[in-house]
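Here is the structure we will look at, set down as structure tokens.
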Amino acid sequence: MKITDIKTFTMKGGNRNWVFCKVETDEGVHGWGEGTLERHEQAVESGIKALSTRLIGRDPTEIERNWQIMYRHGFWRGGVVMGSAMAAIDIALWDLTGKIYNLPVYKMLGGAVRDRVRAYTHAGDLRGGWDAVDQGFSAFKTGGWVIGQNKWRESDVVDELHEKIKGMRNQLGPDVQIMIDNHGRSRPSVANRLIAAVEEFDITFFEEPVPPDNLDAMEQVRNAGHNMDIATGERLFFRYGFRDILHRRLTDVIQPDIAHTGGISEIRRIASMAEIEYIKFAPHNPNGPIATAASMHVCATVPNFLILETARDMPWHDKVQTTPLVLKDGYFELPTVSGLGTDLDESVFAERPLDPDETKNTGNAESGEGSWNAEDGSPADV
0 MKITDIKTFT
10 MKGGNRNWVF
20 CKVETDEGVH
30 GWGEGTLERH
40 EQAVESGIKA
50 LSTRLIGRDP
60 TEIERNWQIM
70 YRHGFWRGGV
80 VMGSAMAAID
90 IALWDLTGKI
100 YNLPVYKMLG
110 GAVRDRVRAY
120 THAGDLRGGW
130 DAVDQGFSAF
140 KTGGWVIGQN
150 KWRESDVVDE
160 LHEKIKGMRN
170 QLGPDVQIMI
180 DNHGRSRPSV
190 ANRLIAAVEE
200 FDITFFEEPV
210 PPDNLDAMEQ
220 VRNAGHNMDI
230 ATGERLFFRY
240 GFRDILHRRL
250 TDVIQPDIAH
260 TGGISEIRRI
270 ASMAEIEYIK
280 FAPHNPNGPI
290 ATAASMHVCA
300 TVPNFLILET
310 ARDMPWHDKV
320 QTTPLVLKDG
330 YFELPTVSGL
340 GTDLDESVFA
350 ERPLDPDETK
360 NTGNAESGEG
370 SWNAEDGSPA
380 DV
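The numbers in numbering that gives the first Met the number 0 rise by one with no breaks, and the one at position 224 of the sequence shown is 223.
In structure tokens:
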């Protein structure tokens, strides 16, 4: 069996565009992958096309060899664009190989260590928290800011977050898990004040307290003396980008994104690196259905798994799948069919063409995406 073509597809999935790839073979078996990277969709498509020239004519079941060819034979390594392009192809190769051997991907990864995979969704405010509970979730993540703003003053954020989380906790009760995503918007001293302001509300983890570029800044947060778990990792790529933060134990929860960090093959290695440091694994995943399926298969097999993100505010998740993944009472059920357990309906792509406005860096403050500005109008971290 040989790879004959690697095609790319894009579609508007909700508040972001999704990037898919389809690996085809000379025996008619295909596999689906995803490398969704918001506002950089065309770059990922070009990356997939560049990588495909190295793989056409190769055996698709030689997944690790193909991964190493993609990673090593281009000379330039790393980066989120090529990491996303590699991820799309790698996921598709696992899906395709599972179909060939008639096994679910998690079986090929050594088998599941759990019967189902717990997930959380998003909630911008209290209404969103109630919506999550109504959908069967017992955990959700909210932003470390008040929605509806496109400017913010550093002096306001601590009190505003305290009041926001206090209201959520009081209304939803003690049993619903709340996570907070700060999107790396704060310098270390402000991040520490934010954490201290919400520590009383039993927060599961505080995500990206500072930008991802400086581990010494992360260490300043880590050593501040609070007891809250810290999470980070969505903007780190490949195992080499995770080495120092894991070995220095600067986080309690690591959050690689399967669609950005080289796919199923590489995210499993990152999870194992975290396991030996007693760090939990909770993949970042506000992506489309193929990345979600791939993440779910990996999470089923990882001993140090905590919880999986899923963006259920995007109804096209299910509509583009021929056999949607089953999400019940806040848990993904493990599929028993081969490969990823789902397939995509290509006719839906035409109904939902890529939205060019979503490729720009404007975004919107209410969703937490796009541009944010400080009080004086200067661009701030999104």
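Note that beta-carbon positions come from the ideal geometry of N, C-alpha and C, so glycine has one too. All of these numbers come straight from a predicted model, not from anything done at the bench.
What three-state label does DSSP hand residue 178 in the structure shown? strand
Distance between residue 110 and residue 266 (C-alpha atoms, nearest Å): 16 Å
I'd like the ranges of any beta strand (DSSP E) spanning at least 3 consecutive residues and lying wholly in the stretch 89–131. 115–121
Span of the alpha helix (DSSP H), counted from its first residue to its last, around residue 1: First-last for residue 1: undefined, no H or E at that position.
Roughly how many whole angstroms lie between the Cα atoms of residue 367 and residue 101? Low confidence applies here, because residue 367 scores a pLDDT of 43, under 50, leaving its location unreliable; read the following figure in that light. Distance between the alpha carbons of residue 367 and residue 101: 41 Å.
Mapping DSSP to helix, strand and coil, what is residue 330? strand
Determine the closest residue to residue 268 out of 297, 290 and 248, with distance taken between C-alpha atoms. 297
Chain-order list of residues whose beta-carbon lies under 6 Å from that of residue 168 (same chain, five-residue window excluded): 200
Continuous beta strand (DSSP E) assignments of at least 3 residues falling wholly in the stretch 223–294: 229–231
Whether residue 13 touches residue 236 by CB criterion (8 Å): no
Under 6 Å Cβ to Cβ from residue 248, same chain only, skipping five residues before and after it: list those, please. 276
With a CB to CB cut of under 7 Å and the five nearest residues on each side skipped, what residues in its chain are close to residue 29? 21, 22, 23 and 95
By a C-beta neighbour count over all protein chains shown, 10 Å radius and 16 as the cutoff for buried, is residue 166 buried or exposed? exposed
Identify the continuous beta strand (DSSP E) that holds residue 29 and give its terminal residues. 29–33
Tell me, please, whether the stretch 336–349 touches the stretch 113–127 by the rule of three or more beta-carbon pairs shorter than 8 Å. no
Output the distance between the C-alpha atoms of residue 170 and residue 217, rounded to the nearest integer angstrom. 32 Å
Which full runs of the alpha helix (DSSP H) of 4+ residues lie inside the stretch 183–210, going along the chain? 187–197
Give the straight-line distance between the Cα atoms of residue 142 and residue 99, rounded to the nearest whole angstrom. 42 Å
Delimiting residues of the alpha helix (DSSP H) encompassing residue 169: 153–171
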